[in-house]
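Chemist: Following this message is one structure expressed as structure tokens.
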Amino acid sequence: MGNFLEAPYLLEAVVVVLGLALLMLEAFLPKADKRLVAYIALFGLAGVLVASFNMKAPENLEHSFWSFYATDNLAFFYKNIAVLATMLVIVMAIEYTPVLEKYVSQGSKQGGLGEFFCLPVFVCAGLMWMASAKEFITIFVSLETVTISFYVLVAYMRRNVGSLEAGVKYLILGALSTGFFVYGVTWVFGLTGETHLEKIGIALQGLEGSDSAVLFAFTLILVGLGFKVAAVPFHVWVPDVYQGAPTPVTAFLSVGSKAAGFIVATRILQPFLEMERLHSSFTTILVIVTGATILFGNFAAIPQTNFKRLLAYSSISHAGFLLLALTCTPDQFQLTPGQVVAFYLATYLLMTMLCFLVLTIVRRSTESDEIAAFSGLHRRSPFLAFALLIGVISLAGVPLTAGFLGKFFVFTLAIDSGRWILLAFAVVGAASGFYYYLKVARAMYWEEPTELAAIEISPLARLALLLLIIATIVFGVYPAPILGLLTN
Amino acid sequence: MLETYLPILMQLGVACGFAVSTLIVSVLLGKSGKTNPVKDSAYECGMLPIGEAQPRFSVKFYLVAMLFVLFDIEVVFMYPWAVVFKDLLVTSLLPVTLGMAGFVFILFIAYLYVLKKGALQWRD
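Read top to bottom, the protein sequences are chains A and B.
Start counting the first sequence at -11; every next residue gets the next number (my numbering).
Start counting the second sequence at 87; every next residue gets the next number (my numbering).
As structure tokens, then:
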């Protein structure tokens, strides 16, 4: 009980209290500018981010609480990703306020807008708890905290048909996938009598009897997780939901939801992959899903003309690269697949947020998500064009950007584990990535603009863009700080 | 393993069998009277059958009903909590009660929010 006030779970508690306080502010000060809620959320989360670096894992892990709450480096790393992503989403949401006012407002101009800034904070709390969850009930509850908040956020623009359509699709498919996941969990519980992942690992080693039951459970869980991380063939919802949802929410789905899905996948797959008897079967299933995801995500992105849809397919293809890392069982590579995935997600956060932030600003002034809306962007705002250029070349994986190093680590891991066929797919996928990402760059620098009015950028957004550009380039050259957080 | 479920199967059979046999027996043994429109109409002290079978009612009903279920479940949740943690209360009183206090606190904030937003007000 001595370390009650220094325990890492206080971070989540603080985030929840922050969310509740914002909700109260929203309810009791209906006349205030709703952006006040956003600024307070931003400062609160910044405080949590700073505090998370000072949190230490408890030394005495005997209490039963720590058996379902992980405090390893990976958990802290994903908590940082969650907080950082939420902060950037709130910055984006502030930029997006004019669009929201148009489709949401009831009564007054900003009526019904406050919750749009509160809900991401609750999502953040769920994501942070999920980073530490290593027991099925905890994983499920935090997963649902995140997903249910997302249902509301996706359908937030209730006077916009696209947003409503996205909301319905996400709700129905999300509920279905949750059903698959829970059914898988009950099968695992039926087989092993455990919900703790570590104990499940031990129980699976000594399991006798039918293999098909274990395979069935594994497949069901994989379906549930595949939906969360947007892996083929569970990706059908992605393009429509990404396109219809408010842009900040799309960014959050693409980074936050994916990061959460992958930390859970990293933890859940481990006990299964350690089961020697069925190791090859599990790997085969994973390899098939991975191959399909890489190929489909990249090839389907090629003909896209809408930038948001393009980023949706890009999100699928990145899920493919991340899954590729998870299928690996390296012999001598210094980083574990879990660490490579975490590094890749950190770089993915930077470049995806960069693209979405530019998209949010352009969307506000042109009212369009089409790639055509970016025509001649460098003449309207050289800074925005440069920011998006860095974002897309990093997504494509051009050397000296963070995106290159993420792909580099994944490929090295694949070579070390001898996943040659998947590697060939990945190379083809990455190569086609150059085509569709640079299509945006071509529109910005070589096409004629339809209008010449300069685009204004608020100081906060300018600062966020600047930091993201610097981080994308610096971590592409010098990744040691991120790797230090993961390995030390 | 499955034979332990045999009584349930039997009960299922008895339940369905009883319903079906009652219907069949009533057709076989009962006498059906002659029908005419006057006989089929509502009894004299009943309401006249006018209007839709499913009347429209305010969407606020769903809001109030949903909120009722939410806060109702909160109380329902306390019973298993009290039963499960009965023994643990002796050794670690503080974490157990604090956990529940936190849960109730979150719902209290939610209640304040609902109240302030006017979700429980029937009239605008």
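Here a beta-carbon is modelled for each residue, glycine too, at the ideal position from N, C-alpha and C.
(1) Could you give the residue range of the alpha helix (DSSP H) that holds residue 292/A?
(2) Tell me the rounded alpha-carbon separation between residue -10/A and residue 47/A.
(3) Once you ignore the five residues that flank residue 148/A on each side, which residues in its own chain have a CB closer than 6 Å to its CB?
(4) Identify every residue that forms a DSSP beta bridge with residue 358/A.
(5) Identify the contact partners of residue 8/A in chain B, using a Cβ-Cβ distance below 7 Å as the criterion.
(6) Can you tell me which residues form a DSSP beta bridge with residue 123/A?
(7) Just to make sure I have the definition right: I need the residues of chain A whose C-beta is within less than 8 Å of the C-beta of residue 198/B. Which are they?
(8) What does residue 202/B touch in chain A if you count any residue whose Cβ is under 7 Å from its own?
(9) Quick check on this structure: which residue in 366/A, 430/A and 470/A has the alpha carbon closest to the alpha carbon of residue 441/A?
(10) What whole-angstrom Cβ distance do residue 263/A and residue 362/A have, given they're in contact under 8 Å?
(11) With a threshold of 9 Å between beta-carbons, can residue 4/A be considered close to chain B, or not?
(12) Hey, how far is the Cα of residue 310/A from the Cα of residue 398/A?
(13) Should residue 104/B be labelled buried (16 or more other beta-carbon atoms within 10 Å of its own) or exposed?
(14) Measure from the alpha carbon of residue 135/A to the alpha carbon of each residue in 155/A, 466/A, 120/A and 306/A, then state which is nearest.
(15) State yes or no: is the C-beta of residue 386/A within less than 9 Å of the C-beta of residue 343/A?
(16) At 3 residues or longer, and completely inside the region 151 to 225 of chain A: list those beta strand (DSSP E) runs for me, N to C.
(17) Could you work out which residue in 416/A, 322/A and 33/A is closest to residue 474/A when comparing CA atoms only?
(18) Could you give the distance in angstroms between the alpha-carbon of residue 66/A and the alpha-carbon of residue 356/A?
(19) I'd like to check one pair, residue 252/A with residue 164/A: are the Cβ atoms closer than 9 Å?
(20) Under the DSSP definition of a beta bridge, which residues are partnered with residue 57/A?
(21) Closest by CA to residue 161/A, which one among 28/A, 211/A and 296/A?
(22) If you run the structure through DSSP and keep just helix, strand and coil, what is residue 94/A?
(23) Whole angstroms are fine: how far does the CA of residue 95/B sit from the CA of residue 330/A?
(24) Identify which residue in 128/A, 100/A, 177/A and 284/A has its Cα closest to the Cα of residue 140/A.
(25) Is there contact here, the region 291 to 300 of chain A with the region 368 to 375 of chain A, by at least three beta-carbon pairs under 8 Å?
(26) Measuring only between beta-carbons, confirm whether residue 188/B sits less than 9 Å from chain A.
(27) Looking at the structure shown, is residue 22/A part of a helix, part of a strand, or coil, going by DSSP?
(28) Could you check if residue 382/A is buried or exposed, using at least 16 other CB atoms within 10 Å of its CB as the buried criterion?
(29) Can you tell me which of 216/A, 423/A, 35/A and 235/A puts its alpha carbon nearest to the alpha carbon of residue 352/A?
(30) Taking 8 Å as the limit between beta carbons, can you name the residues of its chain near residue 423/A, skipping five residues before and five after?
(31) Out of 320/A, 200/A and 410/A, which has the shortest C-alpha to C-alpha gap to residue 276/A?
(32) In whole angstroms, what is the alpha-carbon distance linking residue 120/B and residue 137/B?
(33) Inspect the beta-carbon positions of residue 106/A and residue 186/A and report whether they are closer than 9 Å.
(34) Quick check on residue -10/A - is its C-beta less than 9 Å from some C-beta in chain B?
(35) Please give me, in chain order, every unbroken run of the alpha helix (DSSP H) with length at least 4 that falls completely inside the region 129 to 192 of chain B.
Modeler: Straight from the coordinates:
(1) Neither: residue 292/A is in no alpha helix (DSSP H) and is coded neither H nor E.
(2) With a pLDDT of only 46 at residue -10/A, under 50, the local geometry of the prediction cannot be trusted, and no value is derived from it.
(3) 91
(4) 294/A
(5) 192 and 195
(6) 184/A
(7) 12 and 15
(8) 15 and 16
(9) 366/A
(10) With a Cβ gap of about 49 Å, residue 263/A and residue 362/A do not count as contacting.
(11) yes
(12) 8 Å
(13) exposed
(14) 155/A
(15) no
(16) none
(17) 322/A
(18) 33 Å
(19) no
(20) 121/A
(21) 211/A
(22) coil
(23) 51 Å
(24) 100/A
(25) no
(26) yes
(27) coil
(28) buried
(29) 235/A
(30) 290
(31) 410/A
(32) 28 Å
(33) no
(34) With a pLDDT of 46 at residue -10/A, under the threshold of 50, the modelled position of that residue is not reliable, and the figure given next carries that caveat. Not one chain B Cβ lies under 9 Å of residue -10/A.
(35) 146 to 170 and 174 to 177
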